[in-house]
Amino acid sequence: VEETLVLVKPDGVARNLTGEILRRIEAKGYQLVDIKFVEASRELLGAHYAEHEGKPFYEPLVEFMESGPIVAIRVAGNSVIEGFRSLAGTTNPTTAAPGTIRGDLGRDWGLKVQQNLVHGSDSVESAQRELALWF
Ligand code: ATP
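Numbering (full-length UniProt numbering), first residue to last: 3 to 137.
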């Protein structure tokens with residue numbers, strides 16, 4: 003069985019959407035294996051987002067992720083890495099499909115750039131690397 007790292011980002015926690023996001027993960031049949039609140043350090047975020055270092059959105063992204071508590075979740079299930087990304091929807095909530103977390107619950111990125119409620123690992127390698135960082 004595959005495992006992935008899901009993060010409820012600071013906007014999701016602040017908007018009281020943690021329960022709704024967990025509900026969608028559980029309703030899909032995935033297993034919640036471990037869960038905790040994290041006030042992420044710059045060191046952790048730098049390691050987590052290492053692939054984005056130097057991009058124009060990197061600094062605002064790290065500042066946003068430092069702005070409040072995050073809920074980190076270890077989730078298990080068949081093809082859960084791809085499956086959760088499909089539950090989450092595309093990166094930009096403005097255009098994310100209805101039925102997805104970002105499409106149903108996300109705010110217009112024109113106003114709230116960086117904020118898209120959740121993170122999900124994008125490959126087996128990233129999932130292993132990210133789970134080791136956060137848990
Ligand atoms: P995640 O990895 O968080 O699930 P993703 O895989 O859809 O999201 P990535 O390309 O890995 O997106 O980018 C990581 C995060 O950086 C995004 O979730 C978003 O918060 C932010 N981000 C990505 N691209 C942009 C952009 N062009 N402008 C602003 N923020 C961005």
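In this text, a Cβ means the ideal position worked out from N, Cα and C, and glycines have one as well. A quick note: this is a predicted structure, and the numbers were derived from the prediction, not measured.
Inset, instruction - Determine the contact status of Val40 and Trp136, defining contact as a CB-CB distance below 9 Å. - result: On the sequence shown, position 38 is the one that residue 40 refers to. On the sequence shown, position 134 is the one that residue 136 refers to. Cβ distance < 9 Å, so Val40 and Trp136 count as in contact.
Legend entry - Cα-Cα separation, Gly105 to Glu45: Residue mapping note: residue 105 aligns to position 103 of the sequence shown, counting from 1. Residue mapping note: residue 45 aligns to position 43 of the sequence shown, counting from 1. Going from the Cα of Gly105 to the Cα of Glu45 covers about 30 Å.
Legend entry - Coil, strand or helix - Asp124 by DSSP: Indexing the sequence shown from 1 puts residue 124 at position 122. Asp124 falls in the coil class under three-state DSSP.
Legend entry - 7 Å Cβ shell around Thr6 - same chain, five flanking residues per side excluded: Along the sequence shown, one-based indexing puts residue 6 at 4. So the qualifying residues of the chain are Val77, Val82, Ile83, Phe86, Gly122, Ser123 and Ala129.
Legend entry - Distance between Leu133 and Tyr32 (C-alpha atoms, nearest Å): As a position in the sequence shown, residue 32 is number 30, starting the count at 1. As a position in the sequence shown, residue 133 is number 131, starting the count at 1. Distance between the alpha carbons of Tyr32 and Leu133 is about 16 Å.
Inset, instruction - Compare the beta carbon distance of Ile75 and Ile103 with 9 Å and say whether it is the shorter of the two. - result: Stepping through the sequence shown from its first residue, residue 75 is reached at position 73. Stepping through the sequence shown from its first residue, residue 103 is reached at position 101. Contact: no.
Inset, instruction - Decide if the segment 8-16 is in contact with the segment 106-118; the criterion is three or more beta carbon pairs, one per stretch, under 8 Å apart. - result: yes
Inset, instruction - Give me the Cα-Cα distance between Gly79 and His54, rounded to the nearest whole angstrom. - result: For this step, residue 79 is matched to residue 77 along the sequence shown. For this step, residue 54 is matched to residue 52 along the sequence shown. Each residue's alpha carbon lies about 28 Å from the other.
Inset, instruction - List the endpoints of the continuous alpha helix (DSSP H) containing Leu119. - result: Residue mapping note: residue 119 aligns to position 117 of the sequence shown, counting from 1. Element bounds for Leu119: n/a, residue is neither H nor E.
Legend entry - Span of the alpha helix (DSSP H) around Gly14: Walking along the sequence shown from the start, residue 14 turns up at place 12. Looking at the DSSP string, the run of the alpha helix (DSSP H) that includes Gly14 is Pro12 to Ala16.
Inset, instruction - Less than 8 Å between the CB atoms is what I'm expecting for Ile72 and Ala42, so what's the real figure, rounded? - result: To locate residue 72, count along the sequence shown from 1; it is residue 70. To locate residue 42, count along the sequence shown from 1; it is residue 40. The pair is a contact, with the Cβ atoms about 6 Å apart (cut-off 8 Å).
Inset, instruction - Output yes or no for whether 9 Å exceeds the beta carbon distance between Leu119 and Ala99. - result: Position 117 of the sequence shown holds residue 119. Position 97 of the sequence shown holds residue 99. In this structure, Ala99 does not lie closer than 9 Å to Leu119 by Cβ.
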